[in-house]
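I have placed the structure first, in the form of structure tokens, so that the comments after it can refer back to it.
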Amino acid sequence: MKSTAIILAGGQGTRMKSALPKVLHPVAGRPMIVRIVDSCRKADVTDIRIVVGHGQNLVKTVLEPLAIQTYVQKEQLGTADAVKAADLNSLEGTVLIMNGDHPLISAQDIKNFMSDFREQKLDLAVVTVELKNPAEFGRAVRNSNKQLVSIVEAKDASADTLKIKEVATGIYIAKAEVLQKLIPKIKNENSKKEYYLPDLIELAFTSNLKVQAILSENADVSHGVNTQAELARATKKVFIRHAEKLMEAGVILIDPATTYVEDSVLVGQGSVLYPNVFLRGKSAIGAFTVIESNCMLSDSIIGDSVQVKAGSYIDQVIIKNNASVGPYARLRPETIIGESAHVGNFVEMKKVQFGNKSKAGHLTYLGDAEIGEDVNIGCGTITCNYAADKKKYKTIIGDRVFVGSDSQFIAPVTVESDSIIASGTTVTKTVPSGSLALSRSPQVNKEGYAKRLMKKSES
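In structure tokens, the structure reads:
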């Protein structure tokens, strides 16, 4: 059966105090609206329509790569008017209506709502939840037969009605023909002169349609985001939810409350994540890998039995099995660290292929370079890849090369295998295989000179 989701994403979100449209604010790394679209698709919703308004150009920019159809609500005239903007006449089958600022709704939630709606053979349904503190939510009023009678807004509710814990979430499910018939009948006879979607309930009753509230066991479906504080709480819930899944799969989190793993990230069994680790984007971590505190990884692939030591920053990098990185290393995009390689403290690499078993212990910058296997890079080594012509050039170092401390490679330059670069050398031309490259000024000793300087300073 065909199903459609109409997602309302045109609100101004003034309480966010942000120039960014509300639905584009990220929850655990992904915009709210993208999360909702993803949940709909995973729930096999075949037609997704997003109603935009405020900030529509930015919202469309995010949605276009997802091949989502957008519809414009020209004026902010209420939720029913927004639904009307989604081309009612072309709807077929079952229609799910939801807000674009409810990022915690999962695919399973949507499947459950749709299944309940069809099993009960309803014409119209509103999804409800029970809350300990319903606050400003509209109350779901039922009769003695547990039949939904109405949704009463908190501001209009009596003292007895305010005691009701069951509240409306703003999620509706209806047959397409019901919306086509009833939406045009909704009036704007209220103080704001807007057309409100909850008025559907009364219209459906007077039309003798089968209407019911579908009570969800997941209170998170009611979690709308209207402020930065609510955004932070939603993000925290996603992190905790994913942390629990990781631990169930055998990942060791020292402190789940302070470990931030976006739900797009995969982590292998037996890996250990220390507090204040942040794993982002399309990252994947192998088995038995240890990531120590204060590390940030984005869109990176980490192999098995890798050790990432404290304070390291890794972005769009591949680290192969049994390698070690850090502490305080910075690995930039297009860098590949080979198996059993070691990248030490305060080492920075950018666009480097670093070979198996090679080592760069500390205080080194390597950029635009190919480093072979079993190479030793001494402290203070630099590849001078950026030239006065504002172009970048490549350094190639072969296998088993020993690079002494404080060496510079003026790219483009090649050092062939089994060579030695003496400490303090500036390499400007090819070093043949098996050679010693040495370029430094001769040392001059002036005997007794230090004593004369000391006496002069004392006087």
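Numbers in this note's numbering are just positions in the sequence shown, counted from 1, shifted up by 254. Glycine included, every Cβ here is placed at the ideal spot set by N, Cα and C.
Anyone know if the C-beta pair for residue i and residue j falls short of 9 Å?
i, j, result
"Ile664", "Val685", "no"
"Gly658", "Thr679", "yes"
"Val281", "Thr489", "yes"
"Ile779", "Ala691", "Any property of residue 779 remains undetermined from this structure, which presents the chain solely from 255 to 713."
"Gly535", "Ser552", "yes"
"Leu312", "Ile427", "no"
"Gly609", "Thr618", "no"
"Thr348", "Ala430", "yes"
"Ala467", "Ala422", "yes"
"Ser661", "Ser687", "no"
"Asn630", "Val669", "no"
"Ile726", "Met352", "Absent from the structure is residue 726, since the part of the chain shown begins at 255 and ends at 713."
Give me the residue from the options with the minimum Cα distance to residue i.
i, options, result
"Gly264", "Glu329, Glu516 and Pro280", "Glu329"
"Gly307", "Met708, Ser693 and Thr324", "Thr324"
"Glu602", "Glu588, Arg295 and Asn610", "Glu588"
"Ile573", "Tyr567, Gly565, Ala583 and Ser554", "Ser554"
"Val475", "Val406, Ala614, Leu507 and Gly354", "Gly354"
"Lys417", "Arg393, Ser404, Val432 and Ile440", "Arg393"
"Thr315", "Ile302, Val299, Thr300 and Ile287", "Ile287"
"Gln482", "Leu533, Leu278, Gly592 and Ile568", "Leu278"
"Asn480", "Lys271, Ser257 and Arg694", "Lys271"
"Glu593", "Lys605, Leu620, Lys563 and Asp558", "Asp558"
"Glu443", "Gly309, Gly332, His477 and Val531", "Gly332"
"Asn575", "Gly565, Val560, Ser566 and Ser612", "Val560"
"Asp628", "Ser673, Lys644 and Pro666", "Ser673"
Starting from residue i, trace the alpha helix (DSSP H) in both directions and tell me its first and last residue.
i, result
"Cys294", "Met286 to Lys296"
"Glu431", "Ala430 to Leu436"
"Gln362", "Ala361 to Glu373"
Assign residue i to buried or exposed, taking buried as 16 or more other Cβ atoms, counted over all protein chains shown, within 10 Å of its Cβ.
i, result
"Arg269", "exposed"
"Pro388", "buried"
"Arg584", "buried"
"Ser398", "exposed"
"Pro275", "buried"
"Asn699", "exposed"
"Ala614", "buried"
"Pro207", "An answer regarding residue 207 cannot be provided, because it is not within the stretch 255 to 713 covered by the chain."
"Ala497", "buried"
"Ser470", "buried"
"Glu701", "exposed"
"Leu707", "exposed"
"Arg372", "exposed"
"Leu320", "exposed"
"Lys709", "exposed"
"Gly504", "exposed"
"Ser566", "buried"
Looking at the unbroken beta strand (DSSP E) that takes in residue i, where does it start and where does it end?
i, result
"Glu602", "His596 to Phe608"
"Tyr325", "Gln323 to Val326"
"His616", "Lys613 to Ile625"
"Ser257", "Ser257 to Ala263"
"Phe791", "The structure shown does not extend to residue 791, since the chain is modelled only from 255 to 713, so the question has no answer here."
"Phe663", "Gln662 to Ile664"
"Tyr567", "Tyr567 to Asp569"
"Ile455", "Where Ile455 is concerned, there is no enclosing beta strand (DSSP E), although the alpha helix (DSSP H) it sits in stretches over Asp453 to Thr460."
"Met352", "Thr348 to Asn353"
- Query: For the 8 Å Cβ check, are there 3 or more pairs between the segment 451-470 and the segment 379-390?
  - Reply: yes
- Do the segment 589-598 and the segment 568-579 touch if we need at least three Cβ pairs shorter than 8 Å? yes
- Is there contact here, the segment 260-275 with the segment 327-345, by at least three beta-carbon pairs under 8 Å? yes
- Message: I'd like to know if the segment 403-416 and the segment 339-357 are in contact, where contact means that at least 3 CB-CB pairs between them fall below 8 Å.
- Response: no
- Task: Say whether the segment 289-302 touches the segment 518-538, bearing in mind that this needs 3 or more beta-carbon pairs closer than 8 Å, one atom from each stretch.
- Result: no
- Sufficient close CB pairs (3 or more, under 8 Å) joining the segment 294-302 to the segment 359-369: yes
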